[in-house]
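Undergrad: Here it is: the structure, laid out below.
Residue numbers (this note's numbering): 119 to 397.
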């Protein structure tokens with residue numbers, strides 16, 4: 119039985135842990151608060167407090183997934199949770215000879231450039247803010263590992279409980295004046311792809327060192343809001359602002375693995391969400 123350690127069992131990490139447990143993996147989860155997931159051994163610890171991570175020395179997983187979220191949008195929090203936190207966790211596995219693959223959940227925030235070109239994994243990361251800088255710094259920690267590693271750069275996650283765009287669509291008078299390109303991934307698709315890669319890693323299949331995890335249709339923010347508002351029968355009287363800024367991302371490397379998205383574009387994903395809300 120392959121053992122997987124998931125550090126950060128919140129919304130996304132918890133979904134991954136649940137699926138892996140159901141598939142028969144020996145799954146261990148770590149999170150700050152006391153909680154339980156059926157079939158998953160849970161450890162309460164804080165990645166910013168190395169002393170709380172001592173028990174991880176004895177876990178010795180074959181696969182490690184680092185999937186934490188910072189407590190706030192500050193440079194201090196990003197450094198503590200992504201850079202220092204990852205360093206603390208990797209230190210606890212320094213003597214683990216069984217470890218064969220580490221997955222680090224990063225963000226497309228590392229691409230700070232605004233361009234009309236479609237960006238992919240071969241595009242140099244050029245962060246434009248502290249968040250992108252810290253995530254890129256954390257990614258670089260994987261270079262010193264003696265096992266395989268993969269960076270997962272997720273675009274904006276939405277799904278059950280992540281209803282920011284739906285709530286914003288209800289009030290067109292509050293929509294942003296700028297109409298920029300946006301990219302997103304449904305939480306269920308992000309979790310499913312992570313599980314897909316764990317299955318590949320456990321079978322010693324070839325895995326890329328980096329994947330952009332996003333859906334197949336970059337869209338303008340106004341297009342997304344207008345479509346959601348229309349589905350909710352909300353009248354929109356404002357004109358679409360000129361499209362400019364943001365970025366468009368390619369998910370072709372992800373699709374080349376054979377993985378297929380349940381929600382390939384925002385319409386499929388938000389239609390499912392809106393249906394659930396109305397039931």
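Backbone N, C-alpha and C fix where the C-beta goes; we use that ideal spot for every residue, glycine too.
(1) Going by DSSP, what residue range makes up the beta strand (DSSP E) through residue 162?
(2) Measure the Cβ-Cβ separation of residue 253 and residue 225 and say whether it is below 7 Å.
(3) Tell me, please, whether the region 355–368 touches the region 287–303 by the rule of three or more beta-carbon pairs shorter than 8 Å.
(4) Tell me residue 149's beta-bridge partners as DSSP assigns them.
(5) What span of residues does the alpha helix (DSSP H) with residue 346 cover, start to end?
(6) Do you know offhand how far residue 206's Cα is from residue 305's?
(7) Using 8 Å as the Cβ pair cut-off and three pairs as the minimum, do the region 236–245 and the region 260–267 touch?
(8) Within a Cβ cutoff of 6 Å, which residues of the same chain sit near residue 312, ignoring the five residues on either side of it in sequence?
(9) According to DSSP, what are the bridge partners of residue 328?
(10) Sorted by chain position, which residues of the same chain lie with C-beta nearer than 6 Å to residue 125's C-beta, five sequence neighbours on each side aside?
(11) Can you find at least 3 beta carbon pairs, one from the region 213–223 and one from the region 172–189, that sit closer than 8 Å?
(12) Taking the beta carbon of residue 291 as the centre, do at least 16 other beta carbons fall within 10 Å, making it buried, or is it exposed?
(13) Sort 169, 168 and 152 by Cα distance to residue 162 and report the nearest one.
(14) Since residue 144 sits in a beta bridge, which residues does DSSP pair it with?
(15) For the putative contact between residue 210 and residue 174, defined by C-beta atoms under 8 Å, what is the C-beta separation to the nearest angstrom?
(16) Between the Cα of residue 123 and those of 203, 277, 179 and 323, spot the shortest distance and give me the residue it belongs to.
(17) Checking the sheet assignment: what are the DSSP bridge partners for residue 280?
(18) Might you give, ordered along the chain, the residues of its own chain that have their beta carbon closer than 6 Å to the beta carbon of residue 266, omitting 5 neighbours on each side?
(19) Need the endpoints of the beta strand (DSSP E) that residue 184 sits in, please.
(20) Just the Cα atoms here: how many angstroms apart are residue 378 and residue 166?
(21) Helix or strand or just coil, what does DSSP make of residue 300?
TA: Reading from the atomic positions:
(1) 159–162
(2) yes
(3) yes
(4) 162
(5) 339–349
(6) 27 Å
(7) no
(8) 134
(9) 269
(10) 148, 184 and 207
(11) yes
(12) exposed
(13) 152
(14) 121
(15) 4 Å
(16) 179
(17) 277
(18) 219
(19) 181–184
(20) 36 Å
(21) strand
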